[in-house]
Every structure is written in structure tokens, then in C-alpha cells.
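Enquirer:
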Amino acid sequence: MSSKVYPVSKSAKTRALIDSDKYQKWYEESIETPDKFWGKHGKRIDWFKPYTKVKNTSFKGRIPIKWFEDGLTNVSYNCIDRHLKTHGERVAIIWEGDNPYIDKKITYNELYDHVCRLANVLKKHGVKKGDRVTIYMPMIPEAAYAMLACARIGAIHSVVFGGFSPEALAGRIVDCESTFVITCDEGVRGGKPVPLKENTDIAIDIAAKNYVIVHNVLVVRRTGGKIGWAPGRDHWYHQEMASVKPDCPPVKMKAEDPLFILYTSGSTGKPKGVMHTTGGYLVYASMTHEYVFDYHDGEIYWCTADVGWVTGHSYIVYGPLANCATTLMFEGIPTFPDQGRFWEVIDKHKVNIFYTAPTAIRSLMGAGDEFVKRSERTSLRLLGSVGEPINPEAWEWYYHTVGEARCQIVDTWWQTETGGIMITPLPGATDLKPGSATRPFFGIKPELVDAEGKTLEGATDGNLCITDSWPGQARSVYGDHDRYIQTYFATYKGKYFTGDGCRRDEDGYYWITGRVDDVLNVSGHRLGTAEVESALVSHHLVSEAAVVGYPHDIKGQGIYCYVTLMADVEGTDQLRKELVAHVRTEIGPIATPDKIQFAAGLPKTRSGKIMRRILRKIAEDDFGALGDTSTLADPAVVDELIENRQNKK
Ligand code: 6R9
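Numbered by the UniProt record's numbering, the letters in the sequence shown go through residues 1 to 649 in order.
(1) Within 7 Å: the Cβ of R82 and any heavy atom of the ligand 6R9?
(2) At a threshold of 7 Å, does Q415 count as lining the ligand 6R9 (C-beta to nearest heavy atom)?
(3) Below 7 Å CB to CB, which residues in the same chain sit around S543 once its five sequence neighbours on both sides are set aside?
(4) List the whole-angstrom C-beta distance separating I512 from A437, where the pair is believed to meet the contact cut-off of C-beta under 8 Å.
(5) Can we count A437 as close to the ligand 6R9, meaning its CB is less than 7 Å from some heavy atom?
(6) Any idea if G384 is buried or exposed, counting beta-carbon neighbours within 10 angstroms, 16 or more meaning buried?
(7) Is V310 near the ligand 6R9 - that is, is its Cβ less than 7 Å away from at least one heavy atom of it?
(8) Is V220 buried or exposed, if buried means 16 or more other CB atoms sit within 10 Å of its CB?
(9) State the Cα-Cα distance for the pair P358 and F441, rounded to the nearest angstrom.
(10) Where DSSP assigns a beta bridge to L72, which residues make up the other side?
(11) Would you kindly check if the distance between the Cβ of L575 and the Cβ of L541 is under 8 Å?
(12) Nearest CA to the CA of F180: which residue from K445, C303 and K128?
(13) State the CB to CB distance for the pair Y355 and Y315, rounded to an integer number of angstroms; the pair is presumed to be in contact (CB under 8 Å).
(14) If you run the structure through DSSP and keep just helix, strand and coil, what is M611?
(15) By how many angstroms is the C-alpha of P249 removed from the C-alpha of L118?
(16) Kindly indicate which residue of F260, I173 and T52 has the alpha-carbon position closest to the one of A149.
(17) Just how far apart, CA to CA, sit N391 and L72?
(18) Closest to A92 by CA distance: which of I202, G298 and A600 is it?
(19) Per DSSP, Q408 forms a beta bridge with which residues?
(20) If you draw a straight line from the C-alpha of F68 to the C-alpha of Y51, how long is it?
(21) Return no unless some Cβ of chain B is closer than 8 Å to the Cβ of I173.
(22) Heavy atom of the ligand 6R9 less than 7 Å from the Cβ of D500, yes or no?
(23) Let me know if P589 comes out buried or exposed under the rule of 16 or more other beta-carbons within 10 Å of its beta-carbon.
(24) Quick check: the Cα distance between G608 and A545, rounded to an integer number of angstroms?
(25) From the DSSP output, in three-state form, read off F161 for me.
(26) Taking 7 Å as the limit between beta carbons, can you name the residues of its chain near W470, skipping five residues before and five after?
(27) Between M1 and the rest of its own chain, which residues show a CB-CB distance below 6 Å, the 5 nearest in sequence each way excluded?
(28) Please list, in chain order, all residues of the same chain as T268 whose beta carbon is under 6 Å from its beta carbon, the five residues on each side excluded.
(29) Take G266 and list the residues in its own chain whose beta-carbon comes closer than 7 Å to its own, dropping the five residues that flank it on each side.
(30) To the nearest angstrom, report how far apart P551 and L84 are at their CA atoms.
(31) Can you tell me the Cβ-Cβ gap for I485 and R62, rounded? I've got them flagged as a contact below 8 Å.
(32) Quick check: the segment 187-197 against the segment 143-159, are there 3 or more CB pairs under 8 Å?
(33) Kindly indicate which residue of K36, R515, V194 and H289 has the alpha-carbon position closest to the one of T327.
(34) If you count every other CB in all the chains shown that lies within 10 Å of the CB of S476, and 16 or more means buried, which is it?
(35) Could you say which of V5, P138 and R377 lies nearest to G308 if we only look at CA atoms?
(36) Buried or exposed: V217, going by 16 or more other Cβ atoms within 10 Å of its Cβ?
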């Protein structure tokens, strides 16, 4: 833990929407009288029918959570239509291509046209309110149009990250019984094509075997590469868009009607379809976007996430557009054509607010300062971080080298399930401590508990819970509300359990220490150890697998796999490669194992439970402190595992 403090700078304080007094006042009001507080702030979006009820939530029983329940609104209307009268010609989206010579700007008027047309295309093919539409797209504006078009007609979108494999895509299509897919011929990243349509075709075949038939695929032409075509099922986006009307009235949605499903990994089983609804989500996403980034009218804002993750949903698309911001969407990667790309893009588009992940910061820090120094970055005013704990070294580099000690840093802690930022500095209100996400946002009541669920007070370590609802909270797991209750509210009764460990210091600052469950965070991407294990054991030569994380300099965590092979199969380097490739096919490149150790046996308790604690220690090369191994069925396996460890220092 770093003990340094960086006070709010004078310039941040002068311009800030929220100073420390206001933060205190608003925070107290948000906690003491949430109905009054949110009743006021719910009005930041437009309602076709105003709400009269504000908060109707409980963390007990079936966990009913309703915000603004009798109000009617529409997310697409709020992100587009309401800005047109005054700001129709403002740029809504700046798109920066993978190729540094290609970019384009889309105004709010143009956004309206694209989204309405696309909504009409969906309607023409029979998509109705409540239907699920899968969006499997690269980072091109059409991905945002697709999300907003769904929202316009009340269809529920499920965006699947373009880096996921056909298997993973199929699983998500099947789970929410989605019969309409929007994709692209090929994506482009770092100069290389990504075969999205081909993957979609394979996924659709797998889905059909699971009795979910995709009837329509809308294909955006990005590269013009060769692709397969199913006549009747596949439609070209540009042709369809040309044949429909440029206006489409937004459907009046109840505040609690679903807006989207987003699949995320947990400690057990398959990824869960986290479900977010309309009114509360948009209020929370737009409010956090405005205050956390201290967003002022006319500023250029860039979040480098992919729309396939929640950060892309809330802070590339919904939050910024609801605030009539100019949001930059980047198709490429931070290292193409070279490691100076981020800083070049900042200069090129005069970016004021830049929001990225620690893994990118660490990797660019490793590339050396000359890439940063090549750029001016004079437009930069604020820097943000999200996705994993940021180590103080990376924080300091970000602050001093990238921001030249001029820009406040907001280290924002939140989750797919929280919909928006939960613990974060506010630029004009919060003194910074490198590595700490600092303090709760308005309406957020964090609590630290011990393993038994006892509330811990003062400066302490504990498991991070949230004790009352906030508008952006996920309402359910799609199609499986029991799993929602079980996953988030069963561990500590009456509290939402985040799955994260956390330390609170004597100033009441929160320091997230990482997951305390079997969820890995690899380069800011959530991955369940169970998912990687099940991918490994689906290989015909594997009998058993156990997966743990270990500290990795760039990725935050690396993936370490212990694999027991079928009888008489030899663990060769060739087989290692084959298993790595197999996991990539089953899940996608983000799940690429870093280390594979072949093991004759795994350490198990007498009741057959794998002792992951021991496996973690061995993966960390820290087996001096293995703790109690006496409960193991066969303590001898541990020596063999240590002997053959893959991370010898
Ligand atoms: C937004 C997002 C959520 C998990 C979360 C935690 C980790 C996110 C963090 C952070 C420390 C931060 N996490 N932000 N840890 N400091 N600022 O990343 O959502 O993909 O669902 O991941 O990421 O472990 O529980 P998601």
C-alpha cells in the first residue's frame, strides 16, 4: 500500500462539478434519504410518463429491485432524440479505425438516422419488444447503432465480445434463445482480420444442435473479405438500411423493462446472463459518467474498452450519449502500428478525458517513455482506470509520465453486475492515493465483513459487500433468478456480495485487493477457473484439470493449469500446445493458458475436494508456506507438483 497522497489540484477544484463539501452533503443525503435524492436525480433523463415511486427494493427474500417503477422512458430517445433540437450537429461518435489513416465522425443527427433505420430493419424482420438480439461485432459505430436500435424498439441486446470463440458465442445465443444476430464480415485488429461471420456461421450450427434456430443474420461489410452466405437467413446491412424509413418512434418502456443481457464469468458453472433494466440503469450510467469524469459540455471523451464488456456499454455508449458527449470509439489495439498509438490518438482528436485499464498502462509503461514523449497530450485533463487493481508503480507512471502531473486520476471500481461505477474518486472532491479506488459514489453503502459475515468497522481487511440497492444494479440472471439470489445474496444474508476482497484504511479509503472467489482477472477480463477447467477436460486426452491464477507483470493474473492426462498418455510440449489451442477454440484467446503443468495427481481432501490453496501457492512458487497438508488424501502428490512446477524463480 502506497502512503502517498495527491491532493485535489487547484485547477481540478476550480472547474469541478462536485467539490468535497458537495460530495459530503450529497453523499449523506443519498444514504439518509435515498427516495428524495434519487427522486431528484432520476429527472436527469427524460420520461414520457414521470415516475411517482422512486425506490422499491429489498435484499431479502426474492430480492425484488424496482427503481422509478411507474415511469415510462426510452434509452435510445434519451441518448439521441432529446439532444437533436440544440445539438444535432454535435459529433456523437468519433471513430478511429485500426488503420491510423482512417477515421470518421458521426453527428447526433446522423446517429438518429442510422439508429432509426436499423430499428426499422429489425422490425421488418419481426423483432419485437422483449426479443433477444445477439450483437457480435468489432469496434465499429454499427455496434453502437445496433445497441441503440434494440433499445429503441424494446428488444433486449446481448453483446458478445468479438474475441470469443464460436463455441462461446453459441452458448450465449442458446442461453437467451436469441434468433437474430448482428455481425460483420470480418473485424480488423492490429492489421489482422478477425473472422466474425465465419465464427457466427459455426456458432449458429452449434446452437441449432441445441434447438435454438437463428432465423436472421444481419452482416455489416467491413473488409469485403470472402464469407459464406445462407440465402434467406443472411442479409447485408447496407442493403437493408437503404430500403427502410429514416424515422422510427421510440417504444415507451417501463423503467423495469429489460435493456440488455451481458454474460459474465463467475466462480461456478457457465457464464451468467447478467440482466440490466431501463430507467435506473440509464440514470446511474449517465450520472456516474458526468460526475466521475467531471464531464463538461463539448469535451472529447475516450474510453478504450470494447463494447463487448460492461465498460463499453456504460461508458462508451449509454452514459456518454445520454449526456450528449462526444465519445471516441477505437477499433484497434494499443500496440499497432506501435506502442505510441494511444498517445497519438489523444493528440489527433484532442482527447480531454481518457479511460483505460491497468493492463494496458503496464504494458505501455514497459515499452518505454519515448513513445509517450513523442506526443504532446496537451488536451488531456483527466485520466481513468478500470478493470483490476492498479499497482502504485503503474499509477505513478500514468500520473507523472502520461498526465505530466496535471491530470487527476480516477481509479474506478465496479462490476458488470453494478451497471456503473461504485467506488471512485471525484476529480474535484477526492484527494488521491495511488492504488486506492478511494470512496463510494452517491447512494453506495459499502461494508466489509469477515468470513462469517460479521460487519467489520474502522480500518480493516474484509470481503466487500454493498448493503443497499442503487439504480444501476443488475436485477436478475436472465432466465435464472434463483442463480442471481444464490450467487450474490446467499453468502452474506441481506447483502450484495461482490466477490472482491478489500481493505479500508484509517481515512475511510477503499483499496480493492482482488477476487476472493474462483474468478480470475486476466488483463482486466473476468474468467472463471471452472470455465477453463471444463474447456481442458473436454479434450479427449485430459482426465482432470485444476486452474488457478498467479501474479503476472502485465496481465495482472496469469492462467496456470494443472492437467492430469488419461492413462498412458505422455505429457509432451506438443500436447501442451494442443491444449492451449483447444482452450482458445473453446472459449477464445482471452483464456489462453500461460502455464500447463502435467500432474500425475492433484491434491485432494479425503472427500475429494481439490485444495486450490495449495495449487495457488505452487503456481506462485511460494510453497514454503503451504499450510496444513495433513487433511490431504495423498500428501505425496504435493512433492511431485513442487518438483515439476512451471514457475520456478
Ligand atoms: C467494470 C468491470 C469486475 C471485477 C471486480 C474487480 C475488478 C474492476 C477495479 C477492479 C480493482 C478497480 N475490478 N475495477 N479491481 N480496482 N478499479 O471491470 O467489470 O468485467 O465485471 O469485472 O474487476 O475484481 O469484481 P467486470
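Every residue gets a Cβ at the ideal spot worked out from N, C-alpha and C, and that includes glycine.
Expert: So, from the listed chains and residues:
(1) One-based indexing of the sequence shown puts residue 82 at position 82. Checking every heavy atom of the ligand 6R9 against the Cβ of R82, none is found closer than 7 Å.
(2) Reading the sequence shown from its first residue, position 415 is the one you call residue 415. Answer for Q415: yes, Cβ within range of the ligand 6R9.
(3) Here residue 543 is taken as the residue at index 543 of the sequence shown, counted from 1. Within the same chain, S543 has close Cβ partners T564, L565 and M566.
(4) Residue 512 sits at position 512 when you count from the first residue of the sequence shown. Residue 437 sits at position 437 when you count from the first residue of the sequence shown. Separation of the CB atoms of I512 and A437 is rounded to 6 Å, and the pair is thereby assigned contact status at 8 Å.
(5) For the purposes of this step, residue 437 is taken as the residue at position 437 of the sequence shown. A437: yes, Cβ under 7 Å from the ligand 6R9.
(6) Translated into positions along the sequence shown, residue 384 becomes position 384. It is buried - the Cβ of G384 has at least 16 other Cβ atoms within 10 Å.
(7) As a working mapping, residue 310 is identified with position 310 in the sequence shown. Yes.
(8) Walking along the sequence shown from the start, residue 220 turns up at place 220. So V220 counts as buried.
(9) Locating residue 358 in the sequence shown gives position 358, where the first residue counts as 1. Locating residue 441 in the sequence shown gives position 441, where the first residue counts as 1. The straight-line gap from Cα to Cα measures roughly 21 Å.
(10) Position 72 of the sequence shown, counted from the first residue, corresponds to residue 72. Beta-bridge annotation (DSSP): L72 is paired with K49 and K254.
(11) By 1-based counting over the sequence shown, the position of residue 541 is 541. By 1-based counting over the sequence shown, the position of residue 575 is 575. Yes. Within cutoff.
(12) As a first step, residue 180 is located in the sequence shown; it is residue number 180 there, counting from the start. Closest in C-alpha terms to F180, from the list K445, C303 and K128, comes K128.
(13) Counted from its first residue, the sequence shown places residue 355 at position 355. Counted from its first residue, the sequence shown places residue 315 at position 315. The pair is a contact, with the Cβ atoms about 6 Å apart (cut-off 8 Å).
(14) In the sequence shown, residue 611 corresponds to position 611, counting from 1. Coil.
(15) Taking the first residue of the sequence shown as position 1, residue 118 is located at position 118. Taking the first residue of the sequence shown as position 1, residue 249 is located at position 249. If you draw a straight line from the Cα of L118 to the Cα of P249, it is about 12 Å long.
(16) Start at 1 with the first residue of the sequence shown, and residue 149 comes out as number 149. Closest option to A149, judged by alpha-carbon separation, among F260, I173 and T52: F260.
(17) Position 391 of the sequence shown holds residue 391. Position 72 of the sequence shown holds residue 72. In a straight line, the C-alpha of N391 is about 43 Å away from that of L72.
(18) The residue labelled residue 92 in the question sits at position 92 within the sequence shown. It is G298.
(19) Indexing the sequence shown from 1 puts residue 408 at position 408. Partner(s): L382.
(20) In the sequence shown, counting from the first residue as 1, residue 68 sits at position 68. In the sequence shown, counting from the first residue as 1, residue 51 sits at position 51. Near 5 Å, if we compare the C-alpha coordinates of Y51 and F68.
(21) Going by chain labels, chain B is absent from the structure shown, which holds only one protein chain.
(22) In the sequence shown, counting from the first residue as 1, residue 500 sits at position 500. Yes; taking the cut-off as 7 Å, the Cβ of D500 has a heavy atom of the ligand 6R9 nearer than that.
(23) Your numbering for residue 589 matches position 589 in the sequence shown. Label assigned to P589: exposed.
(24) Along the sequence shown, read from residue 1 onward, the residue named residue 608 stands at position 608. Along the sequence shown, read from residue 1 onward, the residue named residue 545 stands at position 545. About 14 Å.
(25) In the sequence shown, residue 161 corresponds to position 161, counting from 1. Collapsing the DSSP output to three states places F161 in coil.
(26) For this step, residue 470 is matched to residue 470 along the sequence shown. Take W470, set aside five residues on each side of it, and the residues of its chain with a beta-carbon closer than 7 Å to its own are Y284, G443 and I444, in chain order.
(27) Mapped onto the sequence shown, residue 1 falls at position 1. Nothing listed; no residue qualifies.
(28) As a first step, residue 268 must be located in the sequence shown, where it is residue number 268. Once the five neighbours on either side are set aside, the close Cβ partners of T268 are A530.
(29) For the purposes of this step, residue 266 is taken as the residue at position 266 of the sequence shown. These residues qualify, in order along the chain: K272, T487, V519 and G528.
(30) Translated into the one-based positions of the sequence shown, residue 551 becomes position 551. Translated into the one-based positions of the sequence shown, residue 84 becomes position 84. About 49 Å.
(31) On the sequence shown, position 485 is the one that residue 485 refers to. On the sequence shown, position 62 is the one that residue 62 refers to. At roughly 7 Å, the Cβ-Cβ gap stays under 8 Å, so I485 and R62 are in contact.
(32) Judged by Cβ distances under 8 Å, the segment 187-197 makes no contact with the segment 143-159, as fewer than three pairs qualify.
(33) In the sequence shown, the residue the question calls residue 327 occupies position 327. It is H289.
(34) For the purposes of this step, residue 476 is taken as residue 476 along the sequence shown, with counting starting at 1. Buried is the call here.
(35) Walking along the sequence shown from the start, residue 308 turns up at place 308. When each option's Cα is compared against that of G308, the closest is P138.
(36) Taking the first residue of the sequence shown as 1, we reach residue 217 at position 217. The residue in question, V217, is buried, as its Cβ has 16 or more Cβ neighbours within 10 Å.
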